[in-house]
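A.B. asks: Numbering-wise, the numbering used here puts 160 at position 160 of the sequence shown, and it's gapless, one number per residue.
All residues carry an ideal CB built from backbone N, CA and C; glycine is no exception.
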Amino acid sequence: MLKIYFARSGVLFVAYGLIKNIMNIRESRNTDINAIQDLHEEAFGEPEGKVIAQLVGDIFEDETAKPLLSLIVEANDEIVGNIIFSSLNVEGHPNVSAYILAPLAICSQYQRQGWGMKLINTGLEKLKDNDADIVLVLGDPNYYQRSGFSTGHHLQPPYPLEYPDAWMALELKPGTLIKAKGMVHCASALSSAEYW
Ligand SMILES: CC(C)(COP(=O)(O)OP(=O)(O)OC[C@H]1O[C@@H](n2cnc3c(N)ncnc32)[C@H](O)[C@@H]1OP(=O)(O)O)[C@@H](O)C(=O)NCCC(=O)NCCS
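(1) One question on the structure: do residue 170 and residue 124 come within less than 9 Å of each other, judged by their Cβ atoms?
(2) Output the distance between the C-alpha atoms of residue 30 and residue 60, rounded to the nearest integer angstrom.
(3) From which residue to which residue does the beta strand (DSSP E) around residue 184 run?
(4) Could you check whether the Cβ of residue 199 sits closer than 8 Å to any heavy atom belonging to ligand 1?
(5) Taking 8 Å as the line, does the beta carbon of residue 137 fall inside it for any heavy atom of ligand 1?
(6) For a test of the three-state rule: what should DSSP assign to residue 103, helix, strand or coil?
(7) Suppose only complete runs of 4+ residues qualify. What are the alpha helix (DSSP H) ranges in the region 49-135, listed by chain order?
(8) Does the distance between the C-beta of residue 95 and the nearest non-hydrogen atom of ligand 1 fall short of 8 Å?
(9) For residue 189, which residues of its own chain have a beta-carbon under 7 Å away from its beta-carbon, when the five flanking residues on both sides are left out?
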C-alpha cells in the first residue's frame with residue numbers, strides 16, 4: 001500500500017514539475033534572437049512574417065531603440081511568444097520616457113490562451129517599475145483596449161495613418177498624456193514608412 005502511495009506521489013511530483021515548467025515569461029537574451037525571429041515568421045505567416053522577422057533583428061541591433069524591453073513566453077524551453085517595447089522620443093518633451101509596443105506575436109499553437117495579453121501586461125508592469133511614462137501602440141483597438149490603451153492622447157505618429165483609431169496610448173504615470181503633445185520619433189528600425 002505504502003509502495004503504491006509513494007509511486008503515485010512520485011508520478012504526481014514529476015507531472016507537477018512538468019506542468020510547472022510548461023509556460024514561463026522572462027526577458028529575452030541575445031542567444032534567443034534567432035528563435036524569436038522564427039517565432040514571428042511563423043505567427044505572422046506569409047508574406048508578412050519574413051518582414052517582421054527582419055524588423056525584429058533590426059530592432060535588437062538598433063542603438064536608437066534602447067532602452068528596450070523584450071519578453072518571451074517559453075514552453076518547455078521553446079520560445080512561443082515575444083513582445084518588444086522600444087524607446088521613442090516625444091518632440092518637445094525630452095524628459096518624457098516613452099515606448100512603443102511592436103511587434104507582438106504568439107505562435108499559432110498557443111494563440112487564444114491569454115499569452116498575448118499576459119505578455120502585454122507583464123511588459124507594462126516592468127516598464128512602470130522602470131519609471132516609464134507612456135506606451136504607444138499601432139494595432140487592433142479591440143485587442144489593445146483590453147490593456148487600457150486608448151485614442152485619448154495628442155501624440156502624432158511619424159506618418160499619416162490609414163486607421164487613426166489604431167494609434168493608441170497608455171499612461172503609466174497619471175497626468176503624462178495630458179501634458180505630452182507632439183510628434184513621436186521612433187527608433188530608426190521602426191521609422192520606415194512600410195511599418196505604418
Ligand atoms: C494577436 C496575437 C498576439 C494575440 O495573442 P493571443 O495570445 O492569441 O491573444 P490572447 O489569448 O491574449 O487574447 C485572445 C483574443 O485576442 C484576439 N485574437 C487573438 N488572435 C486573433 C486572431 N487571429 N484574429 C482575431 N482576433 C484574435 C481575440 O479577441 C481573442 O479573444 P477571443 O478568443 O475571446 O475571441 C496573436 O494572435 C498573434 O501572434 N497573431 C499573429 C501576429 C499578430 O497579428 N500580432 C499582432 C501585432 S499588433
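C.D. replies: Looking at the atomic coordinates:
(1) yes
(2) 9 Å
(3) 181-185
(4) Residue 199 lies beyond the range of the chain shown here (1 to 196); nothing can be said about it.
(5) yes
(6) strand
(7) 115-129
(8) Remark: the shortest separation between the CB of residue 95 and any heavy atom of ligand 1 does not fall under 8 Å.
(9) Spatial neighbours of residue 189 in its own chain (CB-CB distance under 7 Å, excluding positions within 5 residues in sequence) are listed in chain order as 55, 58, 59, 62 and 65.
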